[in-house]
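Before any comments, here is the structure.
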Ligand code: SF4
Ligand code: SF4
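Next comes the structure, spelled out in structure tokens:
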């Protein structure tokens, strides 16, 4: 029989300060040195992922008028992003409930999406609301999150167990949500998603200790797993989560401009209590232990399988993108492209400025500024993928490992201080998959 420890023992050790809590990144670093880690060495491992999570929505409720002023609101937008009013009618109450899809785009600005809107709300920025009632009354007002009494983020597909790398084998450039510009043809560049060995579900692939009711940090706020998300599968599960927008931190979330319009950034962190040797043995420990499929950007057919060690595990790769010292004086001030700087224009999070450099609270470390500035003002090695005898450079990261490490460090500190509850779930999430045509016909 394998070695075990109970959740009560772990909780007791946390409260008396004797628990060993490690981040998945620390495990990777120790494993790389060749030092052996065993079940006895660690009680809790914190894990996290930060990336584009299209399956994000928000539910808000707030006052838009006085009672009896109108019967009910028919349509509403926030910063010109259409919201979905209902399901509650709130008849004659002057209140509105609504749902926001985080991938919706502003009708007045194609670069502004609901991911930007949710970050603006969390950052306490004023948001412009336009509503129309069923009687045709138009209401316009500015509000901040302080004027909203209910605000939750509902992740319908959060924290995927890693993802894919994308390449374009065709002879034409391709636009995609997986690129910032058109992806160059003829297998010449790669974009990829997934943070590798530190991803939560990569380290608990069978939902042994994470599940319904497990606490998680969603964009820095304490939230919960409420099930598996849409398109979850046994091989590649994801999570449905809920958390309060009031407690989120803007640096973990936001909008991200892709070649197909704005996407949404989210960061999820989870704690894995090491209850037994099986849970311990499922920890990934090194990026080279995590498979990465290289797929055709159109149709997503797998071309080959490499591993995340190629994109995150090498010493030569920089997790953080920085600007050169004194870059403005040395390069940007006299640059012939200054008024139309490609790095500033294409930065998907609007973090890059030719005047002030990189705003660290907005930067996703995606690498776009590294290869769009010909004067090499931005520095950071994105690496390359070696596959079937070829070497192809990485042009875009759609996951921010550095941001994920920040949240897993934050989670570790919260556990040590007793702010984050390390508990077991009430049950395993059921995985709902699409039925095949013949199964449907048989009524399964
Ligand atoms: S970042 Fe590069 S391209 Fe942009 S203004 Fe500066 S030197 Fe020119
Ligand atoms: S790495 Fe450069 S382009 Fe990417 S988000 Fe940061 S500043 Fe913008």
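Numbering (this note's numbering), first residue to last: 326 to 769. For each residue, glycine too, the CB sits at the ideal point set by N, CA and C.
How long is the line joining the alpha carbons of residue 569 and residue 357, rounded to whole angstroms? Distance from the CA atom of residue 569 to the CA atom of residue 357, rounded to whole angstroms, is 37 Å.
Through-space distance from residue 582 to residue 674, alpha-carbon basis: In this model, residue 674 and residue 582 are separated by some 7 Å (Cα to Cα).
Identity of the residue in 404, 627, 576 nearest residue 727 by Cα: Looking at the Cα atoms, 576 is the closest of the given residues.
Compare the beta carbon distance of residue 501 and residue 585 with 8 Å and say whether it is the shorter of the two. Their beta carbons are under 8 Å apart, which means residue 501 touches residue 585 by this criterion.
To test your reading of the DSSP string, which unbroken alpha helix (DSSP H) runs of 4 or more residues are found completely within the stretch 566-649? You should have 602-606, 634-637.
What is the chain-ordered set of residues for which the beta carbon lies under 5 Å from any non-hydrogen atom of ligand 1? Listed by position along the chain, the residues with Cβ atoms less than 5 Å from a non-hydrogen atom of ligand 1 are 656, 657, 660, 662, 663, 666, 668, 679, 698, 700, 702.
Please classify residue 492: is it buried, with 16 or more other beta-carbons within 10 angstroms of its beta-carbon, or exposed? In summary, residue 492 is buried, with 16 or more beta-carbon neighbours lying within 10 Å of its beta-carbon over all protein chains present.
Integer Cβ distance of residue 490 from residue 617, believed to fall under 8 Å: The pair is a contact, with the Cβ atoms about 6 Å apart (cut-off 8 Å).
In three-state DSSP terms, what is residue 330? Of the three classes helix, strand and coil, the one that applies to residue 330 here is coil, per DSSP.
Curious, which full-length alpha helix (DSSP H) runs of at least 4 residues does the stretch 659-728 contain? Those alpha helix (DSSP H) runs which fall completely within the stretch 659-728 and span 4+ residues are 667-671, 693-697.
What do you reckon, are the CB atoms on residue 595 and residue 535 nearer than 8 Å? Result yes, Cβ atoms of residue 595 and residue 535 sit closer than 8 Å.
Would a check of beta-carbon distances place residue 595 closer than 8 Å to chain D? Note that chain D does not occur in the displayed structure, where there is just one protein chain.
Residue 439: first and last residue of the uninterrupted alpha helix (DSSP H) it sits in: It spans 439-447 - the alpha helix (DSSP H) in which residue 439 sits, taken as one unbroken run.
Alpha carbon of residue 743 to alpha carbon of residue 345, nearest angstrom: Using only the alpha carbons, I get a separation of about 14 Å.
Taking only heavy atoms of ligand 2 into account, decide whether any of them is closer than 7 Å to the Cβ of residue 692. Indeed, a heavy atom of ligand 2 lies less than 7 Å from the Cβ.
Among residues of its own chain, excluding the 5 on either side of residue 724, which ones have a beta-carbon nearer than 6 Å to its beta-carbon? Within the same chain, residue 724 has close Cβ partners 376, 518, 519, 520.
Residue nearest to residue 573 in terms of C-alpha spacing, selected from 556, 363, 559, 444: Checking every option, the nearest Cα to that of residue 573 belongs to 444.
Hey, residue 480 and residue 591: beta-carbon distance below 8 Å or not? Cβ distance < 8 Å, so residue 480 and residue 591 count as in contact.
Does the beta carbon of residue 504 fall short of 7 Å from some heavy atom of ligand 2? Within 7 Å of the C-beta of residue 504 there is not a single heavy atom belonging to ligand 2.
Sorted by chain position, which residues of the same chain lie with C-beta nearer than 8 Å to residue 578's C-beta, five sequence neighbours on each side aside? Cβ within range, chain order: 440, 443, 444, 447, 544, 589, 590, 591, 592.
Return yes when at least one heavy atom of ligand 2 lies under 7 Å from the C-beta of residue 674, else no. Yes, the beta carbon of residue 674 sits closer than 7 Å to at least one heavy atom of ligand 2.
Quick check: does the Cβ of residue 688 come within less than 7 Å of any heavy atom belonging to ligand 2? Yes, the beta carbon of residue 688 sits closer than 7 Å to at least one heavy atom of ligand 2.
For the beta strand (DSSP E) that residue 415 lies in, which residues bound it at each end? Residue 415: not part of any beta strand (DSSP E); DSSP gives it neither H nor E.
Have a look at residue 499 and residue 331 and give me their C-alpha separation to the nearest angstrom. Annotation: residue 499 to residue 331 spans about 52 Å, alpha carbon to alpha carbon.
Taking only heavy atoms of ligand 2 into account, decide whether any of them is closer than 7 Å to the Cβ of residue 677. Correct: residue 677 has its Cβ closer than 7 Å to ligand 2.
Kindly give me the distance between the Cβ atoms of residue 745 and residue 525, rounded to whole angstroms, as I take these residues to be in contact under 8 Å. Your pair residue 745 and residue 525 does not check out as a contact, with CB atoms roughly 14 Å apart and the cut at 8 Å.
Considering only residues of the same chain and omitting the five flanking positions on each side of residue 764, which have a CB-CB separation below 8 Å? In this prediction, residue 764 scores a pLDDT of 48, lower than 50, which makes its location untrustworthy; the coordinate-derived value is nonetheless stated afterwards. Its chain contains no residue whose beta carbon lies nearer than 8 Å to that of residue 764 once the 5 sequence neighbours on both sides are disregarded.
Answer with buried or exposed for residue 527, where buried requires no fewer than 16 other C-beta atoms within 10 angstroms of its C-beta. By the neighbour-count rule (16 or more Cβ atoms within 10 Å), residue 527 is buried.
Going straight from the alpha carbon of residue 548 to that of residue 686, what length do you get? Here the alpha carbon of residue 548 sits roughly 22 Å from the alpha carbon of residue 686.
When we look at the beta-carbon of residue 488 and count the other beta-carbons within 10 Å, is it buried (16 or more) or exposed? Buried, since its Cβ has 16 or more Cβ neighbours within 10 Å.
Contact check, residue 729 vs residue 373 under 8 Å by CB: the rounded distance? The Cβ separation is near 4 Å, so the contact holds.
Roughly how many whole angstroms lie between the Cα atoms of residue 312 and residue 637? Only positions 326 to 769 of the chain appear in this structure, which leaves residue 312 out of reach.
Would the C-beta of residue 515 count as close to ligand 2, meaning under 7 Å from any of its heavy atoms? No.
Less than 8 Å between the beta carbons of residue 424 and residue 384, yes or no? Contact: yes.
Looking at the structure shown, is residue 770 part of a helix, part of a strand, or coil, going by DSSP? Here the chain covers residues 326 to 769 and nothing more, so residue 770 does not appear.
Look up residue 312 in the DSSP assignment and say whether it is helix, strand or coil. Residue 312 cannot be examined here, being either before or after the span of the chain that is shown, 326 to 769.
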